[in-house]
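Undergrad: Below is a structure I'd like to ask you about.
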Amino acid sequence: MSDNKSVNELQQAVLKTESLPTISVIGQRLLTLRLDTEEGERELLRLVESDPMIAARLIGLANAPIHATSRKVVSMRDAVMVLGLSRVKAIATSIALMGPLRIRESKQFSIRDLWLHSFSMAVGMRTLSGMIPRQIRPPEDSLFLSGLLHDIGYLAFAYLAPKKFDEFLTRMESEPERPIGQLEKEVLGISHAELGALRGKNWGLPEEILAVIAGHHAQEPTENPMLALARVTERILGDSAIREDVHTLTPEQEAEELESLGLDEAHLEKAADILGRQQEQIRILADMLGS
1 MSDNKSVNEL QQAVLKTESL PTISVIGQRL LTLRLDTEEG ERELLRLVES DPMIAARLIG
61 LANAPIHATS RKVVSMRDAV MVLGLSRVKA IATSIALMGP LRIRESKQFS IRDLWLHSFS
121 MAVGMRTLSG MIPRQIRPPE DSLFLSGLLH DIGYLAFAYL APKKFDEFLT RMESEPERPI
181 GQLEKEVLGI SHAELGALRG KNWGLPEEIL AVIAGHHAQE PTENPMLALA RVTERILGDS
241 AIREDVHTLT PEQEAEELES LGLDEAHLEK AADILGRQQE QIRILADMLG S
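Note that the working numbering gives residue 169 to position 169 of the sequence shown, counting from 1, and the numbers run on in steps of one.
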């Protein structure tokens with residue numbers, strides 16, 4: 001897409017179904033796969049093993065030094081034992097969705113930084129989820145996947161309009177006082193949350209994942225536990241690898257959202273400490289997936 005395209009033309013390209021790659025058959029099946037049955041577990045193994053690239057990446061992740069396995073992981077069955085079913089499903093689905101969006105022309109966007117931020121979000125959301133009442137706790141596979149995909153709109157921007165996206169990244173760096181959403185609308189005509197939700201809907205992502213993608217920078221509190229977990233985690237992370245608008249609510253609204261999850265500042269401090277101790281591990285995983 002030419003850098004001279006107007007914002008309106010860019011918006012039209014964004015809305016066209018054919019502007020972005022379609023989701024693979026494996027990606028579609030992973031999205032609808034349930035893990036609460038033995039058949040679901042077997043199907044997950046079959047699906048991942050049928051895609052050599054996804055299988056190789058997951059086996060590589062399972063062999064990372066951070067897992068301290070006693071022997072080399074050589075099969076997907078072993079990788080599932082190391083990583084866990086929910087995490088394997090979430091990472092495999094993310095690779096299936098993000099893999100076709102090859103970024104060649106954007107000179108400033110880093111897929112490694114996106115993975116680093118997204119993994120931090122997924123791990124942070126999972127950490128906080130363990131502290132909230134069980135009756136409102138989201139399913140782990142959906143929770144982890146929503147963390148990994150919440151900023152998929154950035155990747156779509158880099159694929160659709162690399163030069164315009166580089167212009168946005170330059171302005172974001174040179175105008176740190178400006179809200180990111182404001183700059184996105186000026187340069188791109190649409191926010192990464194809106195674009196991510198549009199593409200996610202086209203791909204058939206579940207509603208609970210779409211809610212996190214669309215609403216993680218919304219300016220009103222939410223009663224959706226998974227979305228609230230995402231927003232609270234963003235505030236803990238701050239500008240981790242990718243700059244974000246983390247304070248779109250008033251302090252009173254932030255406190256209200258926190259209370260809706262049964263959390264307080266002590267929980268946030270504990271989660272931040274746990275996440276901080278895991279950052280080196282997360283960096284290693286991001287390096288492997290972002291290479």
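All C-beta atoms, glycine included, are put in the ideal place defined by N, C-alpha and C.
Every value quoted in this text rests on a predicted model; they were computed, and no experiment measured them.
Under the assumption that residue 118 contacts residue 147 (Cβ atoms under 8 Å), give the Cβ distance between them as a whole number of angstroms.
TA: Going by Cβ atoms, the distance from residue 118 to residue 147 rounds to 6 Å, so yes, they are a contact pair.
Undergrad: What is the C-beta distance between residue 29 and residue 47, in whole angstroms, given that I count them as a contact (C-beta under 8 Å)?
TA: Yes, residue 29 and residue 47 are in contact; Cβ-Cβ is about 6 Å, under 8 Å.
Undergrad: Please name the residue, chosen from 90, 168, 113, 20, that lies closest to residue 291 on a Cα-to-Cα basis.
TA: Of 90, 168, 113, 20, the residue nearest in Cα terms is 113.
Undergrad: With burial defined as no fewer than 16 other Cβ atoms inside 10 Å of the residue's Cβ, what is the status of residue 25: buried or exposed?
TA: Answer is exposed; the Cβ neighbour count stays below 16.
Undergrad: Within a Cβ cutoff of 6 Å, which residues of the same chain sit near residue 116, ignoring the five residues on either side of it in sequence?
TA: Correct list, in chain order: 241, 286.
Undergrad: What distance in whole Å lies between the Cβ atoms of residue 62 and residue 292, which are believed to be in contact at a cut-off of 8 Å?
TA: Because the chain here runs from 1 to 291, residue 292 falls outside it and cannot be looked at.
Undergrad: Look at the alpha carbon of residue 220 and the alpha carbon of residue 258, and state the distance between them as a whole number of angstroms.
TA: If you take the alpha carbons of residue 220 and residue 258, they lie about 13 Å apart.
Undergrad: Could you check where the alpha helix (DSSP H) with residue 253 kicks off and where it finishes?
TA: From DSSP, the alpha helix (DSSP H) with residue 253 extends over 251-260.
Undergrad: State buried or exposed for residue 234, treating a residue as buried only when at least 16 other CB atoms are found within 10 Å of its CB.
TA: Burial call: buried.
Undergrad: Give every residue of the same chain whose Cβ lies closer than 6 Å to the Cβ of residue 208, excluding the five residues on either side of it in the sequence, and list them in chain order.
TA: Once the five neighbours on either side are set aside, the close Cβ partners of residue 208 are 142, 226.
Undergrad: Which residues in the same chain have their Cβ closer than 6 Å to the Cβ of residue 21, if we skip the five residues on either side of it in sequence?
TA: The residues are 100.
Undergrad: By Cβ distance, which residues of its chain are closer than 7 Å to residue 60, with the 5 residues on each side in sequence left out?
TA: Result list for residue 60: 288, in chain order.
Undergrad: Go ahead and pull the three-state DSSP assignment for residue 21.
TA: Looking at residue 21 - three-state DSSP - the assignment turns out to be coil, as it is neither helix nor strand.
Undergrad: Would residue 73 pass as a contact of residue 82 if the rule is Cβ separation under 9 Å?
TA: In contact: residue 73 and residue 82 (Cβ atoms closer than 9 Å).
Undergrad: Where residue 125 and residue 273 are concerned, what is the direct C-alpha to C-alpha distance, given to the nearest angstrom?
TA: So the two alpha carbons sit approximately 14 Å from each other.
Undergrad: Can you tell me the Cα-Cα spacing of residue 184 and residue 120, whole angstroms?
TA: Spanning the two alpha carbons is a distance of roughly 23 Å.
Undergrad: In terms of alpha-carbon separation, which member of 276, 156, 52, 130 lies closest to residue 144?
TA: The residue with the shortest Cα to Cα distance from residue 144 is 130.
Undergrad: In the stretch 110-179, which residue ranges form an unbroken alpha helix (DSSP H) of at least 4 residues, counting only runs that do not cross its ends?
TA: DSSP runs (the alpha helix (DSSP H)) wholly in the stretch 110-179: 111-129, 140-149, 152-160, 162-174.
Undergrad: When you compare only the Cα positions, how much space is there between residue 218 and residue 238?
TA: Cα to Cα, residue 218 sits roughly 16 Å from residue 238.
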